[in-house]
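Residues in the sequence shown are numbered from 2 upward in steps of one, following the working numbering.
Some notes on the structure that comes next.
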Amino acid sequence: MRLLKKWLEKRFYPSQIFDSVSSIPLEQLKQQGIKGIILDLDDTLIPQNSNEISIERSIWLKEAISNFKVYLVTNNRSLKRIQMFQTRFNIPAIIKAWKPGTKGLLSAIKQMNLNFDEIVMIGDRLFTDVFAGNRVNVQTFLVTPIQKPKFLKWVRTLEKKMIDYVS
Ligand SMILES: [Mg+2]
């Protein structure tokens with residue numbers, strides 16, 4: 002059992018858990034030597050079914066952009082959706098990243114030109130965002146998804162059980 006717990010922790014346990022991206026203390030990250038932030042899009046910054054960002058998240062994101070290198074890495078395939086977001090915030094993005102595959106993440110890290118220990122990956126999913134981040138050895142922050150998912154509810158339930166298990 003202890004081995005299983007260790008195995009799960011290494012892959013799926015986030016470095017920290019937050020209610021929302023907007024409650025992640027950027028000043029503190031800066032003091033810890035973090036220079037780059039890789040962000041998931043859907044249900045981390047904006048709801049899956051909308052292009053509207055909340056005021057709190059928008060303020061947080063703007064502050065992040067002016068203090069860190071910020072990169073979007075999303076599994077979403079909609080170029081239009083990303084372009085709308087990029088036009089507004091002007092941040093580089095990788096779409097169709099296939100997280101928990103590491104290719105998208107590694108290519109973002111390469112372009113950010115930072116060390117792995119200077120980067121944090123932020124997302125709402127254990128099995129994609131956190132797993133991918135842990136695989137490439139960057140810090141991983143899990144945030145509560147903006148919307149409750151209608152599909153794949155059992156995956157969420159399993160993720161929640163695992164968070165309870167490893168914490
Ligand atoms: Mg997401």
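Note that CB positions come from ideal geometry on N, CA and C, so glycine has one too.
Discussion item. Going by beta-carbon coordinates alone, are ALA94 and ILE39 separated by less than 8 Å?
Written reply: no
Worksheet entry | For LYS70: DSSP bridge partner residues | GLY37
Discussion item. Considering only DSSP beta bridges, list what VAL144 is partnered with.
Written reply: PHE19
Discussion item. For MET163, which residues in the same chain have their Cβ closer than 7 Å to its Cβ, ignoring the five residues on either side in sequence?
Written reply: LEU9, PHE13, LEU127
Practice prompt. Please write down, chain order preserved, every residue whose beta carbon lies under 6 Å from a heavy atom of ligand 1.
Written response: ASP41, ASP43, ASP44, THR45, GLY124, ASP125, ARG126
Worksheet entry | Endpoints, the beta strand (DSSP E) within which MET122 is located | 120–124
Worksheet item: Is ASP43 helix, strand or coil by DSSP?
Response: strand
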